[in-house]
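Under numbering that gives the first Met the number 0, residues 0 to 647 are what the sequence shown spells out, in order. A virtual CB, placed ideally from N, CA and C, is assigned to each residue, including glycine. Owing to the predicted nature of the structure, the values given are computational and were not obtained by experimental measurement. Down below is the structure, laid out as structure tokens.
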Amino acid sequence: MIGIQNIQLQYNDRRIFDGVSFLINPSDKIGLVGSNGAGKSTLLKIINGEISSDGGHISKPKGFKIGYLPQELPLYDGRTVWEEAESALSEVKSIEAKIEEINHQLATREDYESDSYLGIIEDLNHLTERFNMVGGYTYHGDLEKILAGLGFKSEDFHRQTTEFSGGWRMRIELAKLLLSPHDLLLLDEPTNHLDIHSIVWLESFLSDYEGAIVMVSHDRAFLDNITKRTVEVVKGKVFDYPVSYTKFTNFRAERREQQMLALKNQDKEIKHTEQLIEKFRYKASKASFAQNLIKKLDNMDRIEIDDDDSRKINFRFPPAPRAGKIVVKSEKVGKSYDEKVIFKNVDLEVVRHDKVAFVGQNGQGKSTLVKIIAEKLAHHGNLELGHNVDIGYYAQEQAKTLDGNITLLQTIEDAAPEDLRKRARDFLGSFLFSGEDVEKKVKVLSGGEKGRLALCKLLLHPHNLLVMDEPTNHLDMRSKEMLKNALANYDGTLIVVSHDRYFLQGLTDKIFEFREGKVKEFVGSIDEYLEARKFDDFRQVEHKAKEEVAAQKSSSSKNDREERKQLDRDLRKAEKLVKNLESKIEDMETKLSDLDDKLNDPEKFKIISAEDPNFYQKYEADQEKLVKLMTDWELALKDYEKLEKKSS
């Protein structure tokens, strides 16, 4: 258990935390939520000990291990993917090196009866037990499973980390975190750099994780499927709900309604009290009563309504002009950069009113094909747009195309047709830009605000094909919901690139999967596609396992002879060790038996104790040696029996 107790924090004039307290129990799966700037990431850093609070403290058991994944991490060069991921296993690697050194000594030494030889055997037993406890015998398989789950292929394992983009290198950092044992994981937007399949894998991994987890995420499906508890940060305080995110939103709405009702009643009470004060303050006989009422008002705890972050972008796309039946058609389309092939021989057809999702790993060409459709990027093969198709394009880097030196109002006025310019403020208001906000320069906007402005521009012209590349990046959950509703009600054709399952659920009816240079069509919902893909992956794993078994059988025949020789050597060595220990035990028992006879004879004991004052201490030491010899013999006998069984 870890306790967050009365945490206080202030930056300049802004109060970030004002008495934040809650407990994290073993195996808790907690979603940490709140509006942008509420302090979620800051709270994770305080729990991890990266920054200090102004007051309060974090209590945790001795030896408690915390793993922390921030949104950005320093990345290191000079290693392969496997070596970098393996660097998280410092204890395992250290023990492995010690075991290897001891085994080398045992193979080269022949002083089987010496105390030092028995000592290193005892060390080997302790190290082997610890190695097993920290996952030493399974870490190769665990590491391969985690890297594969996060999207790396086996041929990637031995490539230098510098060959990968920042997003892929963040996956390596995530792999290191998942590979090491921790009592608590702190995850800040862990799905930021993952594709949809890696997100599904990570979701399954974290659901089965034995330790506690506190995570910040804007992926609603990810939160719902992992967390069982939601802690909301609001105005420097936290509210704790024992439910997943979707259920929390319902509870939160109920809480705000209760606050609104309580505030309404308090306002009535205040108004009535002020009327009484005004009525009696100038009457001498009631002056004391009026002063008491004034004190009552001064001491009253005013009810505060939680931040109303329920504001949502509120819009509908204009009706789509009619297009031909075939909106987009490609034949043998491909794209290469120098010798690197992104994809080839892509045949696809998008029909009027289709709502299509492009999914697949990063770097497989989703955005590239979008650019071929929307920007006429040079390519191989033939791609045609249908009759009267008018494209509205939201690029992944759309926000970067905005002119940062003009205002929001000027941006919309410049882009709008003549008849819509006078409604520029209304359009901006639908995307939460109002009042003085519209006079801000674009360059001062956050990433999310620039994304909303780019979406606003799409409303200025009626399009019958919307091509959207990661449109939910930087949008909060409520804004995502409104965009999803607007697209669901859109009467044109939609092509959308997204890794957000919740956003795609109920929105798209056709999937194009980008994988290993090919594009494959799947007709159905995102959930149906993921279920089908899971089954295909299982069949591939099963087939691969059969191939591996066959390969092992083929190679094992070559190694049998050497393995048998080594086994015979180990068996002879183990048998000799057992016999040596039995001989030492027999000698020690004989020695102790003679000493027992002397101890039982008072005359002999008197003579011996006079000759050797330390006789009894030596006697006890010999008894301890016998106990140790018996323990070593039992362990050696077990090893011998295992080898004998293996040999038979």
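(1) To test your reading of the DSSP string, which unbroken alpha helix (DSSP H) runs of 4 or more residues are found completely within the region 186-238?
(2) Between Glu303 and chain C, is the shortest Cβ-Cβ distance under 9 angstroms, so that the two count as touching?
(3) Determine the direct distance from the alpha carbon of Pro461 to that of Glu396, and round the result to whole angstroms.
(4) Taking Met132 as the reference, give the member of Phe156, Trp167, Ile94, Gly118 with the closest Cα.
(5) Of all the options Asn381, His56, Gly359, which has the alpha carbon lying nearest to the alpha carbon of Gly2?
(6) Could you check what DSSP says for Val548 in three-state terms: helix, strand or coil?
(7) Check whether the region 95-106 and the region 217-229 touch, using three or more Cβ-Cβ pairs below 8 angstroms as the test.
(8) Residues bridged to Thr79 by DSSP?
(9) Tell me whether Ala531 sits in a helix, a strand or coil according to DSSP, three-state version.
(10) Could you give the DSSP three-state label for Thr137: helix, strand or coil?
(11) I'd like to know whether the C-beta atoms of Lys28 and Ile212 end up nearer to each other than 9 angstroms.
(12) Which of the three DSSP states is assigned to Val518 in this structure?
(13) Check whether the Cβ atoms of Leu427 and Cys455 lie closer than 9 angstroms to each other.
(14) Considering Cα atoms alone, identify which of Tyr138, Gly362, Pro601, Glu619 is closest to Glu512.
(15) I'd like the ranges of any alpha helix (DSSP H) spanning at least 4 consecutive residues and lying wholly in the region 37-108.
(16) On the DSSP letters alone, give me the boundaries of the beta strand (DSSP E) that Met0 sits inside.
(17) Beta-carbon within less than 7 angstroms of Ile195's beta-carbon, same chain only, minus the 5 sequence neighbours each way: which residues are those?
(18) Leaving out the 5 sequence neighbours to the left and right, which residues in its chain are closer than 7 angstroms to Leu636 when beta-carbon positions are compared?
(19) Determine the direct distance from the alpha carbon of Lys328 to that of Arg344, and round the result to whole angstroms.
(20) Quick check: Lys442 and Asn381, are their CB atoms within less than 9 angstroms of each other?
(21) Tell me the DSSP bridge mates of Thr406?
(22) Let me know if Pro470 comes out buried or exposed under the rule of 16 or more other beta-carbons within 10 Å of its beta-carbon.
(23) Just checking, does the region 47-64 make contact with the region 268-277 on the three C-beta pairs under 8 angstroms criterion?
(24) By Cβ distance below 8 angstroms, which residues in the same chain neighbour Lys575 in space, the five residues on each side in sequence not counted?
(25) Specify the secondary structure class of Lys152 as computed by DSSP and reduced to three states.
(26) Excluding the 5 residues flanking Met259 on each side, which residues of the same chain have their C-beta closer than 7 angstroms to its C-beta?
(27) Is Phe412 buried or exposed, if buried means 16 or more other CB atoms sit within 10 Å of its CB?
(28) What is the DSSP secondary structure of His125, counted as helix, strand or coil?
(29) Which runs of the alpha helix (DSSP H) fall wholly inside the region 465-492 and span at least 4 residues, in chain order?
(30) In this structure, what does DSSP give as the bridge partners for Gly650?
(31) Looking only at DSSP bridge pairs, what is Gln7 linked to?
(32) With DSSP as the reference, identify every bridge partner of Lys339, one or two as the case may be.
(33) Do Thr492 and Val349 have their beta-carbon atoms positioned less than 9 angstroms apart in this structure?
(34) By alpha-carbon positions, which one of Val233, Val230, Leu173 ends up nearest to Leu205?
(35) Is it true that the region 78-92 meets the region 18-38, where meeting means three or more beta-carbon pairs spaced less than 8 angstroms apart?
(36) How is the alpha helix (DSSP H) around Ala635 delimited, first residue to last?
For this structure:
(1) 195-206, 219-225
(2) Judged by its chain identifiers, the structure shown contains no chain C, having just a single protein chain.
(3) 22 angstroms
(4) Ile94
(5) His56
(6) Residue placement at Val548 is flagged as unreliable, the pLDDT there being 49, under the threshold of 50; a coordinate-derived value is accordingly withheld.
(7) no
(8) Gln159
(9) helix
(10) coil
(11) yes
(12) strand
(13) yes
(14) Gly362
(15) 39-47, 80-85, 89-107
(16) Met0 -> no beta strand (DSSP E), and no H or E assigned at all.
(17) Val358, His498, Arg500
(18) Val577
(19) Correcting the residue identity first, residue 344 is Asn in this sequence and not Arg. Going by the C-alpha atoms only, they are around 13 angstroms apart.
(20) no
(21) Lys440
(22) buried
(23) no
(24) Tyr111
(25) coil
(26) Ile304
(27) Before going further, note that residue 412 is Glu rather than Phe in the sequence given. Counting Cβ neighbours within 10 Å, Glu412 comes out buried, since at least 16 surround it.
(28) helix
(29) 476-488
(30) The displayed coordinates of the chain run from 0 to 647. Any statement about residue 650 would go beyond what the structure contains.
(31) Asp17, Gly54
(32) Tyr336
(33) yes
(34) Leu173
(35) no
(36) 614-646
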